[in-house]
Every structure is written in structure tokens, then in C-alpha cells.
Amino acid sequence: MTRSITGTVAAILCVAVIAIPFGCGYDKDTPVYDTTTNPHGLPAQACELLDAIEAGQLVSYDVITESFGRLYLENQELLENEHWKEIITRLGSKFHQRADELAKQGVPFFSQAAGFYILAAFSAPDDTQLARKAALFTTWKEVTERVDAGYTCSPLSKHLADRLDFVRHFLFGDSLQRAFAEQFLVHQLLDSLVALDDNDEPARLSDPDRALLAWLEVSDNDVSDLIGRFTEPSVNLIAYRVVAVAPSRSRIELYTTAESAIADQYRVQISFEKQVPDDQGQLEMEEVVKEFDFAPAIGPWKPGGVIVATTVLAHAAKLSGAQAVLVASDDESSDTHSTPIDLSLDAEMPCSH
6 MTRSITGTVA AILCVAVIAI PFGCGYDKDT PVYDTTTNPH GLPAQACELL DAIEAGQLVS
66 YDVITESFGR LYLENQELLE NEHWKEIITR LGSKFHQRAD ELAKQGVPFF SQAAGFYILA
126 AFSAPDDTQL ARKAALFTTW KEVTERVDAG YTCSPLSKHL ADRLDFVRHF LFGDSLQRAF
186 AEQFLVHQLL DSLVALDDND EPARLSDPDR ALLAWLEVSD NDVSDLIGRF TEPSVNLIAY
246 RVVAVAPSRS RIELYTTAES AIADQYRVQI SFEKQVPDDQ GQLEMEEVVK EFDFAPAIGP
306 WKPGGVIVAT TVLAHAAKLS GAQAVLVASD DESSDTHSTP IDLSLDAEMP CSH
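Quick note: the sequence shown uses the working numbering, first residue 6, plus one each step.
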């Protein structure tokens with residue numbers, strides 16, 4: 006069944022608890038309600054649900070929300086019960102504590118932690134820090150559910166290159182996805198394997214992977230190759246990578262270094278040709294031009310540091326005749342171009358190491 010995460014929880018779990026103070030100080034070992042004596046005369050179904058949650062019998066977001074949905078459908082008076090509102094607030098505190106515990110256990114528990122953060126956040130709509138956690142872990146669920154399994158790698162692979170491929174889905178997404186990667190993925194997934202690679206097998210990493218680690222400041226492995234040099238401003242292209250991320254969709258990553266400090270902002274403009282059918286169904290070549298930003302798009306550029314530009318290209322066939330140039334971000338006419346660099350846009354599949 007498809008459902009809205011926010012709509013479901015707001016509607017059936019945490020109605021009318023906005024004014025009740027909330028915090029993470031509630032003792033997780035203390036039941037949120039004495040269901041044995043039931044001092045407030047709650048419906049038996051409510052007590053049974055609380056007992057099941059306390060006993061750890063209900064541990065997934067979907068099961069918990071569905072259980073509350075059935076409870077409210079048959080006991081609508083609970084929505085106006087002040088004692089019940091206080092119980093839900095205490096339960097939200099426990100959800101928050103449980104989410105924190107799961108998050109600390111790492112990647113295998115992130116999806117479950119996301120569910121508990123979402124549940125807790127709707128019990129405390131004024132808690133901005135909790136709302137931020139819920140938003141971050143929601144993006145984990147969204148990305149891992151959206152990405153085609155055939156186009157991603159396991160975050161727990163023993164190969165550093167595979168883990169980098171997985172982390173890229175978050176690093177090169179929106180601001181929340183990148184924040185999640187920086188806070189919860191980069192060091193947890195990469196640090197131990199980076200140390201191993203640095204000591205034993207640094208040569209097995211590709212130039213784009215080493216450039217990415219340098220950008221993340223996880224490793225100081227140098228990328229020695231120079232693929233090309235943009236002029237006006239002088240920027241070196243040290244590595245690039247094109248990888249399939251979905252059927253007929255590829256992500257291109259350009260890794261650059263500036264030879265001197267650059268105050269202005271620039272974008273990358275890529276032009277290429279692709280085969281498209283004409284009105285008679287015959288294939289003909291069509292030129293495509295796309296611009297995209299460096300990440301993060303902030304200045305000034307410091308000499309020597311790695312700066313990344315990335316975008317996803319939609320295509321139905323092999324791309325050819327590709328060139329990249331730099332364009333000033335404030336140049337609406339895009340007339341001022343740097344020296345172009347030729348690129349090969351043949352997309353490789355991830356997890357091919």
C-alpha cells in the first residue's frame with residue numbers, strides 16, 4: 006500500500022500533542038503507561054498496543070502506524086483524551102531514543118532508525134533538531150528505495166571502490182542527501198578501508214576514486230594524471246568518470262584543481278551529440294548542451310584543492326563528440342568560454358571491480 010509518510014503519522018499517531026513538552030530525558034526502561042492497573046481506563050486495544058511496542062514486538066514504521074490506524078478507527082475518543090496525549094508524548098521520546106541507538110549501530114539499521122525518527126518527530130513538532138534528524142534519515146530511505154539495485158553497490162562491500170560508488174548516490178544528490186553522507190556515511194564506510202588501501206593497495210583505486218577521496222579530505226592520495234587544462238580561468242581536469250545510474254541515465258563527474266585562487270563562480274558546460282529518431286524513424290545526430298554547477302558552488306577556489314562538478318545525463322544511445330568548457334556563472338549570454346576539453350562519455354556499470 007502506498008502512503009504519505011507525513012500524512013499517515015500526523016493523522017493517526019500524533020494528533021493534538023503539539024502543546025505538550027517533549028524531550029529525550031524519559032527513562033527508556035520505564036513503561037510509558039501502567040497497562041496492568043490501567044488507571045485512566047484506556048481501551049484494552051490501546052493497552053495491548055502499548056505493551057507490544059514496549060516488548061519490542063512492533064519494530065517497523067509501517068507496522069506501528071498501521072496498528073495505530075486500527076486503534077483510532079475503533080477508538081476515536083482517544084484523539085481527545087488528555088491522558089492519551091501525554092502517553093503518546095512519552096512514547097515519542099522512547100522512539101527518539103530507539104532511533105539514536107539504531108543509528109549508532111550503523112548502515113544495516115539506518116532504515117529502521119529512519120522510521121523511529123519519523124515517528125518521534127511527529128510527537129514533537131517544535132523540536133527542530135529532531136525534525137532535522139528525521140529529514141536526514143528520510144532521505145536515506147528515499148535514496149535506497151529509489152536507486153535501481155542493478156546500478157548501485159553494497160555499502161558494506163569489502164571493496165573501497167564499491168563503497169565509494171554507493172556514497173556517490175548521496176554526495177551528488179540534494180543538500181539533505183549530501184548532509185546525510187557527510188554525517189553518517191563518509192567516515193563510517195570509508196575510513197577503515199582507506200587506511201587499508203593507503204597501506205597495502207593504493208594502486209587499485211581509479212583516478213576518479215582517489216580524486217573523490219581527496220575532495221572529501223578522507224585521503225591525501227595524489228592524482229597525477231592531467232587530462233586537460235581549461236583556460237580563463239586556469240583549471241586542471243585531473244579525472245572524470247561516467248557511470249550508468251539507471252536505464253538510459255548516466256552520471257558524469259569532473260574532478261578539477263585550480264592553479265591559483267579564483268574568486269568568481271563558474272559552471273561546466275558540456276556539449277555532445279546523441280542519436281535520436283526523426284519523423285520517419287530514422288536515426289540522426291542531435292547536439293545537446295547542458296550546464297551544471299561545481300559542488301559546493303562556493304568561492305573562492307583555493308589552489309590545489311579538488312573541486313567536483315557532476316550531473317546526470319539522460320540518453321538512449323552512445324554519446325559522442327563530447328566537449329566540456331567552463332562558463333562564468335554570472336554570464337547570462339554564456340559567450341565567454343574556456344578552452345574546451347574532449348571527453349569520452351561511454352558509461353560504465355558500477356560494481357564492476
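Virtual Cβ for every residue (Gly too), placed ideally from N, Cα, C.
Keep in mind that this is a model prediction, so the values were computed, not measured.
In the DSSP assignment, Glu59 falls within the alpha helix (DSSP H) that extends over Ala49 to Glu59. Secondary structure note for Thr149: it is in no beta strand (DSSP E), and the uninterrupted alpha helix (DSSP H) holding it is Thr133 to Arg151.
Taken in chain order, the whole alpha helix (DSSP H) runs of length 4 or more contained in the region 156-243 are 165-176, 180-185, 191-204 and 212-221.
By the CB criterion at 9 Å, Ala333 and Tyr271 fall inside the cutoff. Taking a contact to require three or more Cβ pairs closer than 8 Å, the region 151-169 and the region 120-131 do not qualify as touching. With the rule of 3 Cβ pairs closer than 8 Å, the region 143-154 does not count as touching the region 98-106. With a cut-off of 8 Å on Cβ pairs, the region 211-219 is in contact with the region 247-264, counting three or more such pairs.
For Gly326, the enclosing beta strand (DSSP E) begins and ends at Ser325 to Ala333.
Membership of Ser276 in the beta strand (DSSP E) is indicated by the continuous run Tyr271 to Pro282. For the options Thr144, Asp170 and Ala140, the alpha carbon positioned closest to that of Ala154 is the one of Asp170. Residue environment for His174: buried (at least 16 other C-beta atoms within 10 angstroms of its C-beta).
Within the same chain, and ignoring the five residues on either side of Arg234 in sequence, the residues whose Cβ sits closer than 6 Å to its Cβ are Asn241. Spatial neighbours of Tyr156 in its own chain (CB-CB distance under 8 Å, excluding positions within 5 residues in sequence) are listed in chain order as Ala249, Val250, Ala251, Met354 and Pro355.
A residue is called buried once 16 or more other Cβ atoms fall within 10 Å of its Cβ, and Thr144 is buried on that count. A distance below 6 Å between beta-carbons, with the five flanking residues on each side excluded, links Glu237 to the following residues of its chain, in chain order: Ser343. In the three-state scheme derived from DSSP, where H, G and I count as helix and E and B as strand, Tyr66 is classed as helix. Assigned with DSSP and collapsed to three states, Ser349 falls in coil, not helix or strand. The Cβ neighbour count for Arg75, taken over all protein chains shown within 10 Å, is under 16; the residue is labelled exposed.
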